[in-house]
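Undergrad: Before we start, here is the structure in question, set down as structure tokens.
In the numbering used here, the protein residues as written are 142 to 253.
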């Protein structure tokens with residue numbers, strides 16, 4: 142699922158940072174009518190439960206990873222539409238430090 146050899150703690154922290162970014166972008170999306178508000182408390186709770194490999198496998202098996210991935214994509218779209226101008230120099234610098242971008246790099250861009 143993740144590239145490299147990430148520790149479970151690092152995976153959990155990556156998920157936590159990404160969901161926090163999703164929450165902030167969701168506020169912008171709701172304000173602009175791009176998305177409906179969603180209660181992310183259950184997903185956040187499930188992320189907080191990840192402490193060992195079995196927890197991570199359960200998280201994925203229960204569909205939480207897929208839900209998190211979908212949220213990343215939709216909120217990334219909100220960012221490109223309302224926060225960051227696509228193909229701008231600022232985008233080049235800002236996106237590389239974004240938790241959503243880091244999530245995508247680590248978990249969604251597998252070439253395998």
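Ideal Cβ placement from N, Cα and C applies to all residues, glycine included.
#1: In or out: residue 198 buried (at least 16 other Cβ within 10 Å) or exposed?
#2: Of the choices 181, 223 and 245, whose alpha-carbon is the least far from that of residue 160?
#3: Measuring CB to CB, does residue 176 end up less than 8 Å from residue 215?
#4: Alpha carbon to alpha carbon, what distance is there between residue 242 and residue 206?
#5: Counting Cβ pairs closer than 8 Å, one from the stretch 219 to 238 and one from the stretch 163 to 175, do we hit at least three?
#6: With a CB to CB cut of under 6 Å and the five nearest residues on each side skipped, what residues in its chain are close to residue 178?
#7: Terminal residues of the continuous alpha helix (DSSP H) containing residue 160?
#8: Ignore the nearest five residues each way along the sequence and tell me which others in residue 158's own chain have a CB closer than 7 Å to its CB.
#9: Which residue's Cα is closest to the Cα of residue 153: 162, 163 and 193?
#10: Could you spell out the range, first to last residue, of the alpha helix (DSSP H) harbouring residue 223?
#11: For residue 210, which of 150, 234, 163 and 168 has the nearest alpha-carbon?
#12: Output the distance between the C-alpha atoms of residue 227 and residue 208, rounded to the nearest integer angstrom.
TA: Inspection of the coordinates gives the following:
#1: exposed
#2: 181
#3: yes
#4: 16 Å
#5: yes
#6: 171
#7: 149 to 172
#8: 240
#9: 193
#10: No alpha helix (DSSP H) contains residue 223, which DSSP labels as neither H nor E.
#11: 163
#12: 25 Å
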